[in-house]
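Under my numbering, the residues of the sequence shown are numbered 43 to 361, in order.
The C-beta atom is built at its ideal place from N, Cα and C for all residues, glycine as well.
Since the structure is predicted, the reported quantities are computational estimates derived from the model, not experimental observations.
Structure first, commentary second.
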Amino acid sequence: MSERIRTTLITGFLGAGKTTLLNHIVTDPVEKVALLVNEVGAVHIDEALIERSDEEVIELTNGCICCSIRGDLRDALLRIAKKRRTGDMTFDRLIIETTGIADPGPILQTFYFEPAIEQQYQLSSVITVVDAFQLEWQLAFEENVRQIGFADTILLNKVDLISDSEVDLVTERLAGLNPTALILPTIQSKTDLKPLFETFHFPKQEEERLAQQTDGLQKAAESFTALTITERMPLHRQRFGAVLREILEAYAEDLYRYKGIIHFADTNQKIVLQGTGMIYGTAARGEFEGEKQTTLVFIGKNLDEQAIRTGVKAAIAHG
Numbered sequence: 043m044s045e046r047i048r049t050t051l052i053t054g055f056l057g058a059g060k061t062t063l064l065n066h067i068v069t070d071p072v073e074k075v076a077l078l079v080n081e082v083g084a085v086h087i088d089e090a091l092i093e094r095s096d097e098e099v100i101e102l103t104n105g106c107i108c109c110s111i112r113g114d115l116r117d118a119l120l121r122i123a124k125k126r127r128t129g130d131m132t133f134d135r136l137i138i139e140t141t142g143i144a145d146p147g148p149i150l151q152t153f154y155f156e157p158a159i160e161q162q163y164q165l166s167s168v169i170t171v172v173d174a175f176q177l178e179w180q181l182a183f184e185e186n187v188r189q190i191g192f193a194d195t196i197l198l199n200k201v202d203l204i205s206d207s208e209v210d211l212v213t214e215r216l217a218g219l220n221p222t223a224l225i226l227p228t229i230q231s232k233t234d235l236k237p238l239f240e241t242f243h244f245p246k247q248e249e250e251r252l253a254q255q256t257d258g259l260q261k262a263a264e265s266f267t268a269l270t271i272t273e274r275m276p277l278h279r280q281r282f283g284a285v286l287r288e289i290l291e292a293y294a295e296d297l298y299r300y301k302g303i304i305h306f307a308d309t310n311q312k313i314v315l316q317g318t319g320m321i322y323g324t325a326a327r328g329e330f331e332g333e334k335q336t337t338l339v340f341i342g343k344n345l346d347e348q349a350i351r352t353g354v355k356a357a358i359a360h361g
């Protein structure tokens with residue numbers, strides 16, 4: 043198999059229902075998955091599913107595989123890729139559960155800054171499971187806020203423990219923290235699994251959510267911000283590239299995710315921007331329907347709203 047391994051990262055607050063989601067995935071998989079966790083035993087897989095096990099790998103009766111991280115994540119990924127190439131492991135998707143690794147940032151960096159990993163793996167979704175009942179309390183912890191900031195999809199679990207009006211308020215709160223994430227209310231982490239797995243590279247749904255965003259700044263924890271900038275004037279492509287590089291250099295690891303639909307002066311095409319940390323990409327996505335404008339969202343820590351806004355204004359094309 044020469045294609046890159048599609049990979050989903052699942053994060054979640056302690057007790058939010060992440061393990062329950064993993065069990066749904068391996069019990070009734072929409073595709074054959076390999077699960078990479080810190081300790082296989084911590085997943086509490088139904089023993090009836092287990093076909094055979096050794097020190098590192100548990101094979102399940104439905105064809106799924108569960109692997110444990112022993113030592114460095116990079117080494118574990120390279121071992122799995124090698125076993126898949128040689129036919130010792132066969133699966134369609136790797137799912138990484140971040141038990142004991144609260145911050146998704148270092149994992150994402152492994153996929154982008156390690157050439158051997160980048161050549162063999164393709165990150166396709168980042169899912170965060172959130173406890174609806176305890177959200178406000180858990181937002182006091184920065185690692186939990188970071189998980190929300192990095193997510194493409196947020197499972198708002200345990201909505202049966204709060205009222206409908208509280209579900210609306212919590213959903214609005216999460217949308218403020220991560221304006222482009224898909225938010226799915228769940229009970230017992232139960233949801234249609236297929237839409238969760240290919241969301242990292244700007245699906246149409248996410249583009250529509252981003253286009254509807256209004257200009258503004260949202261705050262969560264003391265230093266966490268989600269900044270949305272809208273600009274109707276077209277941007278100069280090279281000047282915006284220089285501004286974006288300055289923003290990345292200024293914030294480095296404190297800029298978790300950033301996304302945008304950009305109106306450049308030299309094209310009628312929408313240009314979508316998608317980035318995490320220092321790594322980003324752009325792609326043309328058809329022509330604008332209706333009014334043309336740029337919408338940018340920056341999610342991170344200690345972001346200087348005025349400086350970023352001034353930078354984007356400086357990239358406006360004149361004449």
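key: Residue of Thr272, Trp179, Ile122, Ala325 minimising C-alpha distance to Arg215   = As a working mapping, residue 215 is identified with position 173 in the sequence shown. Measuring C-alpha to C-alpha distances from Arg215 to each of Thr272, Trp179, Ile122, Ala325 identifies Trp179 as the nearest.
request  = Starting from the Cα of His243, find the closest Cα among Asp173, Ala253, Gly317 and give me that residue.
outcome  = Taking the first residue of the sequence shown as 1, we reach residue 243 at position 201. Closest option to His243, judged by alpha-carbon separation, among Asp173, Ala253, Gly317: Gly317.
query = Can you tell me whether Pro148 is buried or exposed, with buried defined as 16 or more other CB within 10 angstroms of its CB?
reply = As a position in the sequence shown, residue 148 is number 106, starting the count at 1. When all chains shown are included, Pro148 counts as exposed.
query = Which residue's Cα is closest to the Cα of Arg116: Leu198, Leu297, Tyr154?
reply = Within the sequence shown, the letter at position 74 stands for residue 116. Sorting Leu198, Leu297, Tyr154 by C-alpha distance to the C-alpha of Arg116 places Tyr154 at the top.
inquiry  = Is it buried or exposed, Ser231, if we count other Cβ atoms within 10 angstroms and call 16 or more buried?
reply    = As a working note, residue 231 is residue 189 in the sequence shown. Flag for Ser231 reads buried.
task = Work out the CA separation of Ile52 and Leu165 for me, nearest whole Å.
result = Taking the sequence shown and counting its residues from 1, one reaches residue 165 at position 123. Taking the sequence shown and counting its residues from 1, one reaches residue 52 at position 10. So the two alpha carbons sit approximately 12 Å from each other.
ask   = With DSSP run on the structure shown, which of helix, strand or coil describes Gln176?
value = Your numbering for residue 176 matches position 134 in the sequence shown. Coil, per DSSP.
message = For a minimum of 3 consecutive residues, which ranges assigned as the beta strand (DSSP E) are wholly contained in the segment 169-233?
response = Within the segment 169-233, the complete beta strand (DSSP E) runs of at least 3 residues are 195-199, 224-227.
query = Which ranges would you report for the alpha helix (DSSP H) in the segment 221-307 if only whole runs of at least 4 residues count?
reply = Taking only runs of at least 4 residues, the alpha helix (DSSP H) segments lying wholly in the segment 221-307 are 246-253, 279-293.
query = What is the DSSP secondary structure of Arg327, reduced to helix, strand or coil?
reply = Numbered from 1 along the sequence shown, position 285 holds the residue referred to as residue 327. Strand at Arg327.
ask   = Apart from the five residues just before and just after Arg19, which ones in its own chain have a Cβ nearer than 7 Å to its Cβ?
value = An answer regarding residue 19 cannot be provided, because it is not within the stretch 43 to 361 covered by the chain.
ask   = With 16 other CB atoms within 10 Å as the buried threshold, where does Gly353 fall?
value = Taking the sequence shown and counting its residues from 1, one reaches residue 353 at position 311. By the 10 Å Cβ count, Gly353 comes out buried.
query = Could you give the uninterrupted runs of the alpha helix (DSSP H) lying entirely in the segment 132-157, keeping only those of 4 residues or more?
reply = List check, alpha helix (DSSP H) in window: 147-155.
key: Which listed residue (Thr128, Val75, Lys125, Gly342) has its alpha carbon closest to that of Gln260   = Along the sequence shown, one-based indexing puts residue 260 at 218. For the residues Thr128, Val75, Lys125, Gly342, the minimum Cα distance to Gln260 belongs to Gly342.
ask   = Which residues share a DSSP beta bridge with Phe55?
value = Taking the sequence shown and counting its residues from 1, one reaches residue 55 at position 13. Answer by DSSP bridge pairing: none, since Phe55 is not bridged.
Simplified DSSP assignment, three categories, for Glu45 = Numbered from 1 along the sequence shown, position 3 holds the residue referred to as residue 45. It is coil, neither helix nor strand.
task = Reducing DSSP to helix, strand and coil, say where Gln316 ends up.
result = Taking the sequence shown and counting its residues from 1, the one referred to as residue 316 is at position 274. DSSP, read as helix, strand or coil, puts Gln316 in strand.
query = Skipping 5 residues on each side, what residues in its chain have a beta carbon closer than 8 Å to that of Thr152?
reply = Against the sequence shown, residue 152 aligns to sequence position 110. The beta carbon of Thr152 sits closer than 8 Å to the beta carbons of Leu115, Arg116, Leu119, Ile159 from its chain, once the five residues preceding and following it are set aside; these are given in chain order.
query = Okay, do the segment 125-137 and the segment 200-218 touch, 3+ Cβ pairs below 8 Å being the bar?
reply = Cβ pair count under 8 Å is below three, so no.
ask   = Relative to the C-alpha of Gln162, which residue among Gly323, Thr49, Gln335, Asp296 is closest?
value = Along the sequence shown, one-based indexing puts residue 162 at 120. Residue Thr49 is the option with its Cα nearest to Gln162.
task = Quickly, what does DSSP pair Thr50 with across the bridge? List them, please.
result = For this step, residue 50 is matched to residue 8 along the sequence shown. Looking at the DSSP assignment, Thr50 forms a beta bridge with Ile137, Ser167.
query = Can the beta-carbon of Gln247 be found less than 9 Å from the beta-carbon of Thr337?
reply = To locate residue 247, count along the sequence shown from 1; it is residue 205. To locate residue 337, count along the sequence shown from 1; it is residue 295. Going by C-beta atoms, Gln247 is not nearer than 9 Å to Thr337.
task = Within its chain, find whatever has a CB closer than 8 Å to the CB of Arg46; leave out the 5 residues flanking it on each side and keep chain order.
result = Counting from one through the sequence shown, the residue named residue 46 turns up at place 4. Closer than 8 Å at Cβ, skipping near neighbours: Gln161, Gln162, Tyr163, Gln164.
inquiry  = Just verifying my parser: in three-state terms, what is the DSSP assignment at Val75?
reply    = Position 33 of the sequence shown holds residue 75. Strand, per DSSP.
query = Around the Cβ of Leu399, are there at least 16 other Cβ atoms within 10 angstroms (buried) or fewer (exposed)?
reply = With the chain represented from 43 up to 361, any question about residue 399 goes unanswered, as that position is not in the structure.
key: For Gly342, the first and last residue of its enclosing beta strand (DSSP E)   = Here residue 342 refers to the residue found at position 300 of the sequence shown. Residue range 336-343 is occupied by the beta strand (DSSP E) that includes Gly342.
key: Residues bridged to Ile122 (per DSSP)   = Within the sequence shown, the letter at position 80 stands for residue 122. DSSP, once it has assigned bridges, lists no residue as partnering Ile122.
inquiry  = Using CA atoms only, rank isn't needed, just tell me which of Asn220, Pro245, Arg121, Gly323 is closest to Gly258.
reply    = Taking the sequence shown and counting its residues from 1, the one referred to as residue 258 is at position 216. Of the candidates Asn220, Pro245, Arg121, Gly323, the one whose C-alpha sits nearest the C-alpha of Gly258 is Asn220.
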